[in-house]
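Participant: Attaching a single structure in structure tokens format; questions to follow.
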Amino acid sequence: MRQDLTALAGAGPVRQRPASGTAWLLLSPLLLWVAAFVVAPTLIMLVYSFCQRGTLGGVVYDFTSENYWAVLDPTYLKILIRSIEFAAVTTITCLIVGYPVAYYIGRAPERRRNLLLMLVMVPFWTSFLIRTYAWVTILKSEGLLNSLLLQVGMIGQPFEMLYTPGAVIVGLVYTFLPFMILPIYTSVEKLDNALVEAAFDLGAGPVRAFSKVIVPMTSPGISAGVLLVFVPALGLYAVNDILGGGKVDMIGNVIENQFKGGARNWPFGAALGMTLVVAFASALWYTGRRRPH
Amino acid sequence: MVAAVGVGCQQSSKHAEINLFAWSEYVPQAVIDGFTAQTGIRVNYETYASNEEMLAKLVSGAQKYDLIQPSEYTIEALIKQNHLLAVDWSKVPNFKNIGPQFKSLPHDPKTKYSVPWMAGTVGIVVNTEKVSDPINGYNDVFQEKYRGRIVVLDDSREIVSWALATMGKGPNDVTSGTLAQAKGILERWLPLVKVYDSDSPKTALLNGDVDLGVVWSGEAALLYAEDPKFKYVLPSEGAHQFLDSLAIPADAPNPEGAMAFMDYICRPDVSKLISDDFPYTNPNLEARKLLEAEAVANPASYPPGDPKLSGFAEIGEAAVEIDKLVTDLKAKG
Chain S
1 MRQDLTALAG AGPVRQRPAS GTAWLLLSPL LLWVAAFVVA PTLIMLVYSF CQRGTLGGVV
61 YDFTSENYWA VLDPTYLKIL IRSIEFAAVT TITCLIVGYP VAYYIGRAPE RRRNLLLMLV
121 MVPFWTSFLI RTYAWVTILK SEGLLNSLLL QVGMIGQPFE MLYTPGAVIV GLVYTFLPFM
181 ILPIYTSVEK LDNALVEAAF DLGAGPVRAF SKVIVPMTSP GISAGVLLVF VPALGLYAVN
241 DILGGGKVDM IGNVIENQFK GGARNWPFGA ALGMTLVVAF ASALWYTGRR RPH
Chain X
294 MVAAVGVGCQ QSSKHAEINL FAWSEYVPQA VIDGFTAQTG IRVNYETYAS NEEMLAKLVS
354 GAQKYDLIQP SEYTIEALIK QNHLLAVDWS KVPNFKNIGP QFKSLPHDPK TKYSVPWMAG
414 TVGIVVNTEK VSDPINGYND VFQEKYRGRI VVLDDSREIV SWALATMGKG PNDVTSGTLA
474 QAKGILERWL PLVKVYDSDS PKTALLNGDV DLGVVWSGEA ALLYAEDPKF KYVLPSEGAH
534 QFLDSLAIPA DAPNPEGAMA FMDYICRPDV SKLISDDFPY TNPNLEARKL LEAEAVANPA
594 SYPPGDPKLS GFAEIGEAAV EIDKLVTDLK AKG
């Protein structure tokens, strides 16, 4: 994971060389991993998505395209759009909160840097679900935050926080913030201070130096962070269930219901999943093509 | 002694273990340990959180199970697809302790395949400190004045069955006509709901985030044990009685061991252990006699009177329609 982040964040112009046998050998574990855990499951889903529903779950191998027509139903499009909105708000919030943190850590003296990085990682030592349930204790109407606010007299009666869209965003931002901070940090760490000084010497103010020099120089970290937050935030539905009370469905909830809920409609769940995969892949391909190399 | 071990060896290699695939938080460790101590058969306990999750793993065949613990409609579907092994009742003599009202039910009409584990209902929990008006049925719960104070199970079929009950229909009376009418009712009800939670609906009630709930009776029994202000009401319009049973998949590697386990849990003293940990309605009448008076007096476990109860039947493609109906309504809110 760490290597991936560094590679993503540090992706600069690289001289192309024809791959040698050794290179392929070194690459083979990764290729096998991708084939077994990415390509194969995706192909199985692709096949399932064109099958018919089995009585006890599973699929019947009879070709049909009706699952994809069902995806186009306004309800599912609406749920998909709402999921994208939640993921987008999460990503933007993580960027606004995470960038200054990453910048500060990246510019801190080396000794302190490791301690600060450690603090970013500490939450990973506890299960994600337990940390999310901890937020229930904080946000519930007789919870820690409400008691605190009541005590200092900021509010007259408990404030409804748990089971609201705001609680879902808080939970998502909390979960994904490290994934924004770490790649930006690796970019900031590599940032050549001489270039920033040069910007100031040439008469740029702090705003211009930031927007014209620092942001472009750290943009690989920013795009890696955005990707690492947005994609999983779109699929994560546990936070929505625990902190949002499951009041509105996310696209992940709908897909889960097809496999583990009463509908037992694997082919439709597979079609929804494939639609997401195709949407992501085209978005990535499109942005990749537009970026000048 | 040595000779006995030597003779038993051949047998024990065949009968040494059973794979139990059951609901999470439903089989006390004491029962598993007791069974192993008694028979020498080791139990591998794997858990699931929904009937459909169990079906997915069972049908995939990746792992062979000796015992599963499906609910009534899932048993019906499994029997219809020839996925279950008939129980040899001569190997399960303690089955006589199970009450007659839990035998020969529509999902296993000839009582050939399943041993009831626990029964329960889905009913209404009222925090009587916060809600003073009498609550007798679903229509009393889903009122405008309780907007944002209700928790319900996150289960489309359950939710639809409540609307059907207020229409005077049973939970299996699912046609396009009845579903359309139910949709009209749920359109008014669902916007009032604050939390959907099937896993632990008691949490929102205990935390004081909601005051009313339509939840599993086991959750209600735990709430009542915590604080008697949480009253359990079986809806006057009719309620779902679920019945989870042990059954043996047709391809079970060790059906003998599975039947030994079935017999073991039908022993009154063992069945009582299950009730102690999971206060649902125990179908084992002999075990009920061993329970403490206050456990039997818990109205969520043993509802008084003669409530209108019905089980879920397998409804095939209508399940897809029900899922879509609730998803549509939730997306609107």
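If you read the protein sequences in the order shown, they are chains S and X.
Under this note's numbering, the first sequence has 146 at position 146, and the numbering climbs by one with no breaks.
Just so we're on the same page, this note's numbering is the position in the second sequence counted from 1, plus 293.
For each residue, glycine too, the CB sits at the ideal point set by N, CA and C.
On a predicted model such as this, the values are computed, not experimentally measured, just so you know.
Can you give me the C-alpha to C-alpha distance between S603 of chain X and L583 of chain X, rounded to a whole angstrom?
Facilitator: In the second sequence, the residue the question calls residue 603 of chain X occupies position 310. In the second sequence, the residue the question calls residue 583 of chain X occupies position 290. The alpha-carbon atoms of S603 of chain X and L583 of chain X are separated by roughly 27 Å.
Participant: L195 of chain S and V213 of chain S: beta carbons closer than 7 Å?
Facilitator: Translated into the one-based positions of the first sequence, residue 195 of chain S becomes position 195. Translated into the one-based positions of the first sequence, residue 213 of chain S becomes position 213. A contact, by the Cβ cut-off of 7 Å.
Participant: List the residues of chain X that R114 of chain S touches, going by C-beta distances under 7 Å, in chain order.
Facilitator: If you number the first sequence from 1, residue 114 of chain S lands on position 114. Looking at the sequence provided, one finds Asn at residue 114 of chain S rather than Arg. Chain X residues near N114 of chain S: none, gap ~39 Å exceeds 7 Å.
Participant: Between D490 of chain X and D447 of chain X, which are expected to be in contact by the criterion C-beta below 8 Å, what is the C-beta distance as a whole number of angstroms?
Facilitator: The residue labelled residue 490 of chain X in the question sits at position 197 within the second sequence. The residue labelled residue 447 of chain X in the question sits at position 154 within the second sequence. About 6 Å separates the two Cβ atoms, so the contact holds.
Participant: Taking the CB atoms as reference points, tell me whether W410 of chain X and D537 of chain X lie closer together than 7 Å.
Facilitator: Position 117 of the second sequence holds residue 410 of chain X. Position 244 of the second sequence holds residue 537 of chain X. Yes, the Cβ-Cβ distance between W410 of chain X and D537 of chain X is below 7 Å.
Participant: Can you confirm whether K140 of chain S, when its beta carbon is compared against all beta carbons of chain X, has any partner nearer than 7 Å?
Facilitator: What you label residue 140 of chain S is simply residue 140 of the first sequence in a count that begins at 1. For K140 of chain S, the answer is yes, since a Cβ of chain X falls inside 7 Å of its Cβ.
Participant: Leaving out five residues on either side along the sequence, give the residues of the same chain with a beta carbon under 6 Å from the beta carbon of S454 of chain X.
Facilitator: Locating residue 454 of chain X in the second sequence gives position 161, counting from the first residue. Closer than 6 Å at Cβ, skipping near neighbours: P464 and H533.
Participant: Going along chain S, which residues have a C-beta under 8 Å from Q374 of chain X?
Facilitator: Mapped onto the second sequence, residue 374 of chain X falls at position 81. Within chain S, the residues near Q374 of chain X are T55 and L56.
Participant: According to DSSP, is E256 of chain S part of a helix, a strand, or is it coil?
Facilitator: Stepping through the first sequence from its first residue, residue 256 of chain S is reached at position 256. Looking at E256 of chain S - three-state DSSP - the assignment turns out to be helix.
Participant: Give a yes or no on whether 7 Å exceeds the smallest Cβ distance from D4 of chain S to chain X.
Facilitator: For the purposes of this step, residue 4 of chain S is taken as residue 4 along the first sequence, with counting starting at 1. In this predicted model, D4 of chain S has a pLDDT of only 48, less than 50, meaning its place in the structure is not dependable enough to derive any value.
Participant: Which class does M294 of chain X belong to by DSSP, given the choice of helix, strand or coil?
Facilitator: Taking the second sequence and counting its residues from 1, the one referred to as residue 294 of chain X is at position 1. With a pLDDT of 39 at M294 of chain X, under the threshold of 50, the modelled position of this residue cannot be trusted, and the question is left open.
Participant: Helix, strand or coil for A9 of chain S? Go by DSSP, reduced to three states.
Facilitator: The residue given as residue 9 of chain S occupies position 9 in the first sequence. Since pLDDT at A9 of chain S reaches only 47, below the 50 mark, its modelled position is unreliable, and no value is offered.
Participant: Quick check: the Cα distance between V385 of chain X and V563 of chain X, rounded to an integer number of angstroms?
Facilitator: Numbered from its first residue, the second sequence carries residue 385 of chain X at position 92. Numbered from its first residue, the second sequence carries residue 563 of chain X at position 270. Going by the C-alpha atoms only, they are around 14 Å apart.
Participant: Please work out which residues of its chain come closer than 6 Å, Cβ to Cβ, to S141 of chain S, disregarding the five sequence neighbours upstream and downstream, and give them in chain order.
Facilitator: Position 141 of the first sequence, counted from the start, is the residue given in the question as residue 141 of chain S. Correct list, in chain order: P158.
Participant: Measuring straight from C-alpha to C-alpha, what distance separates P542 of chain X and L25 of chain S?
Facilitator: Looking up residue 542 of chain X in the second sequence gives position 249. Looking up residue 25 of chain S in the first sequence gives position 25. Whole-angstrom Cα-Cα distance: 46 Å.
Participant: Whose C-alpha, out of S:P29, S:S65 and S:V170, is nearest the C-alpha of T93 of chain S?
Facilitator: By 1-based counting over the first sequence, the position of residue 93 of chain S is 93. It is S:V170.
Participant: Note down, one range per segment and in chain order, each alpha helix (DSSP H) of at least 4 residues found wholly within the region 100-169 of chain S.
Facilitator: Listed in chain order, the complete alpha helix (DSSP H) runs (minimum 4 residues) inside the region 100-169 of chain S are 110-121, 128-139 and 144-151.
Participant: So the alpha helix (DSSP H) G501 of chain X belongs to, where does it begin and stop?
Facilitator: Within the second sequence, the letter at position 208 stands for residue 501 of chain X. Premise fails: G501 of chain X is in no alpha helix (DSSP H) and is neither H nor E.
Participant: Should Q362 of chain X be labelled buried (16 or more other beta-carbon atoms within 10 Å of its own) or exposed?
Facilitator: Walking along the second sequence from the start, residue 362 of chain X turns up at place 69. When all chains shown are included, Q362 of chain X counts as buried.
Participant: Measure from the C-beta of Y163 of chain S to each C-beta in chain X and report whether the shortest distance is under 7 Å.
Facilitator: The sequence position of residue 163 of chain S within the first sequence is 163, counting from 1. Chain X contact via Cβ: present.
Participant: Could you spell out where the beta strand (DSSP E) holding M250 of chain S opens and where it closes?
Facilitator: Counting from 1 along the first sequence, the entry for residue 250 of chain S is found at position 250. Note, M250 of chain S: premise wrong, no beta strand (DSSP E); not H, not E.
Participant: What residue from X:L499, X:H376, X:A553 and X:A370 has the CA that sits closest to A309 of chain X's CA?
Facilitator: If you number the second sequence from 1, residue 309 of chain X lands on position 16. The option with the nearest alpha carbon to A309 of chain X is X:A553.
Participant: Express the C-alpha separation of T164 of chain S and V226 of chain S in angstroms, rounding to a whole number.
Facilitator: The sequence position of residue 226 of chain S within the first sequence is 226, counting from 1. The sequence position of residue 164 of chain S within the first sequence is 164, counting from 1. Those two C-alpha atoms are separated by around 24 Å.
Participant: Is there at least one Cβ from chain X nearer than 7 Å to L8 of chain S's Cβ?
Facilitator: For the purposes of this step, residue 8 of chain S is identified with residue 8 of the first sequence, where counting begins at 1. With a pLDDT of only 48 at L8 of chain S, under the threshold of 50, the placement of this residue in the model should not be trusted, and no figure is reported.
Participant: I want to see whether chain S comes within less than 7 Å of R450 of chain X, judged by CB atoms only; does it?
Facilitator: Stepping through the second sequence from its first residue, residue 450 of chain X is reached at position 157. R450 of chain X counts as touching chain S.
Participant: With 16 as the cutoff for other CB atoms within 10 Å, does E110 of chain S come out buried or exposed?
Facilitator: Taking the first sequence and counting its residues from 1, the one referred to as residue 110 of chain S is at position 110. Burial call: exposed.
Participant: Between which residues of its own chain and T275 of chain S is the CB-CB distance below 7 Å, once the five residues before and five after are set aside?
Facilitator: If you number the first sequence from 1, residue 275 of chain S lands on position 275. Here the set comprises V71.
Participant: Which residues does DSSP list as the beta-bridge partners of Y489 of chain X?
Facilitator: Along the second sequence, read from residue 1 onward, the residue named residue 489 of chain X stands at position 196. Answer is X:V445, bridged to Y489 of chain X.
Participant: When we look at the beta-carbon of Q258 of chain S and count the other beta-carbons within 10 Å, is it buried (16 or more) or exposed?
Facilitator: Locating residue 258 of chain S in the first sequence gives position 258, where the first residue counts as 1. Answer is buried; the Cβ neighbour count reaches 16.
Participant: Would you give the residue range spanned by the alpha helix (DSSP H) that Y431 of chain X belongs to?
Facilitator: Locating residue 431 of chain X in the second sequence gives position 138, where the first residue counts as 1. Per DSSP, Y431 of chain X belongs to the alpha helix (DSSP H) from Y431 to V434.
Participant: Out of X:L348, X:V320 and X:E318, which one is the CA nearest neighbour of K372 of chain S?
Facilitator: With chain S running from 1 to 293 in the structure shown, residue 372 of chain S is simply not present.
Participant: Does the region 176-185 of chain S come close enough to the region 512-524 of chain X that 3 or more CB-CB pairs lie under 8 Å?
Facilitator: no
Participant: Given this structure, state the Cα-to-Cα distance separating A238 of chain S from G461 of chain X, to the nearest angstrom.
Facilitator: The residue given as residue 238 of chain S occupies position 238 in the first sequence. The residue given as residue 461 of chain X occupies position 168 in the second sequence. So the alpha carbons of these two residues sit roughly 36 Å apart.
Participant: Looking at the structure shown, is I541 of chain X part of a helix, part of a strand, or coil, going by DSSP?
Facilitator: Residue mapping note: residue 541 of chain X aligns to position 248 of the second sequence, counting from 1. In this structure, I541 of chain X counts as strand in the three-state DSSP scheme.
Participant: Could you compute how far the alpha carbon of F37 of chain S sits from the alpha carbon of G333 of chain X?
Facilitator: Residue mapping note: residue 37 of chain S aligns to position 37 of the first sequence, counting from 1. Residue mapping note: residue 333 of chain X aligns to position 40 of the second sequence, counting from 1. Looking at the two C-alpha atoms, the distance is approximately 39 Å.
Participant: For a cutoff of 7 Å on Cβ pairs, would you count I79 of chain S as touching chain X?
Facilitator: What you label residue 79 of chain S is simply residue 79 of the first sequence in a count that begins at 1. True, the Cβ-Cβ gap to chain X drops below 7 Å.
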